[in-house]
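Student: Using our numbering, the first residue of the sequence shown is number 121, and each one after it goes up by one. Pasting in a structure now, in structure tokens, and then I'll have a few things to ask.
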Amino acid sequence: MHESIKRIFDGILLFRKFKRPAMVKEFERVRDHPDPRAVLFTCMDSRRGNVCQVLVCGHSDCKAINTLYQLYNGRAFDPESPMDHWLRHNGHLSIQKLDKLVKSGESCKKLEFASENGLMSYFFSKLQERFVAIDEDNASSLLKEALCSVDD
121 MHESIKRIFD GILLFRKFKR PAMVKEFERV RDHPDPRAVL FTCMDSRRGN VCQVLVCGHS
181 DCKAINTLYQ LYNGRAFDPE SPMDHWLRHN GHLSIQKLDK LVKSGESCKK LEFASENGLM
241 SYFFSKLQER FVAIDEDNAS SLLKEALCSV DD
């Protein structure tokens, strides 16, 4: 498991160094005229029953992520929202399984990431009690914290 967490951090640093500059230009170009062609929900790991860490990716006001979070926290159903219908139909069983694992103590320790936008990756530092942007200056210390939380 340590190697998989380290690979995530290494990938973030490589992205920041090589991919981010070109993406900044592209985001600036489409910022005022977004024209999405598709929305993708996916599980890319056929071994999903053996996955210990789940990374949830979405922008700072992602409706899918917000709806799933609110479903878990008991928000009222919005009958006008196709997203609510889809997530409640497809996410309810997963939420029940997650709740059962959490209550039984069998789940892995939580390792949280968040992304404010497509250009930065954040890690929830329990030591700092906040989300911290992962960058070249702090990646080593955040990786050590992440690996310690996996061992606990």
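Note that the Cβ used here is the ideal one computed from N, Cα and C, for glycine as well. None of these values were measured; they are calculated from a predicted model.
For L247, is the classification buried or exposed, using 16 other Cβ atoms within 10 angstroms of its Cβ as the cut-off for buried?
Tutor: Here residue 247 refers to the residue found at position 127 when the sequence shown is read from its first residue. Burial call: exposed.
Student: Comparing C-alpha positions only, which one of K139, F243, R250 sits nearest to A259?
Tutor: Working through the sequence shown from its first residue, we reach residue 259 at position 139. Of the candidates K139, F243, R250, the one whose C-alpha sits nearest the C-alpha of A259 is F243.
Student: Locate the beta strand (DSSP E) running through R250, then write down its first and last residues.
Tutor: Numbered from its first residue, the sequence shown carries residue 250 at position 130. Unbroken beta strand (DSSP E) run through R250: 250–253.
Student: Using a 10 Å radius around the Cβ and a threshold of 16 neighbouring Cβ atoms, would you call A266 buried or exposed?
Tutor: Residue mapping note: residue 266 aligns to position 146 of the sequence shown, counting from 1. When all chains shown are included, A266 counts as buried.
Student: Less than 9 Å between CB atoms is the rule here; does C182 satisfy it with respect to chain B?
Tutor: Absent here is chain B; the protein component of the structure consists of one chain.
Student: Would L263 pass as a contact of F138 if the rule is Cβ separation under 9 Å?
Tutor: Taking the sequence shown and counting its residues from 1, one reaches residue 263 at position 143. Taking the sequence shown and counting its residues from 1, one reaches residue 138 at position 18. No; because the gap between Cβ atoms is not below 9 Å, this pair is not in contact.
Student: Buried or exposed for S201, going by 16 or more other Cβ atoms inside 10 Å?
Tutor: Within the sequence shown, the letter at position 81 stands for residue 201. Exposed, because fewer than 16 other Cβ atoms sit within 10 Å of the Cβ of S201.
Student: Verify whether the separation of the beta carbon atoms of R127 and E256 is less than 9 Å.
Tutor: Stepping through the sequence shown from its first residue, residue 127 is reached at position 7. Stepping through the sequence shown from its first residue, residue 256 is reached at position 136. Taking a C-beta distance under 9 Å as the contact criterion, R127 and E256 do not qualify as a contact pair.
Student: For F243, report the span of its beta strand (DSSP E) as first-last.
Tutor: The residue you call residue 243 lines up with position 123 of the sequence shown. Start and end: 242–245.
Student: In whole angstroms, what separates the C-alpha of E123 from that of P199?
Tutor: For this step, residue 123 is matched to residue 3 along the sequence shown. For this step, residue 199 is matched to residue 79 along the sequence shown. Distance between the alpha carbons of E123 and P199 is about 44 Å.
Student: Does DSSP classify I132 as helix, strand or coil?
Tutor: What you label residue 132 is simply residue 12 of the sequence shown in a count that begins at 1. If DSSP states are grouped into helix, strand and coil, I132 belongs with the helices.
Student: Can you tell me whether DSSP reads N186 as helix, strand or coil?
Tutor: Taking the sequence shown and counting its residues from 1, one reaches residue 186 at position 66. Residue state, collapsed to three classes: helix.
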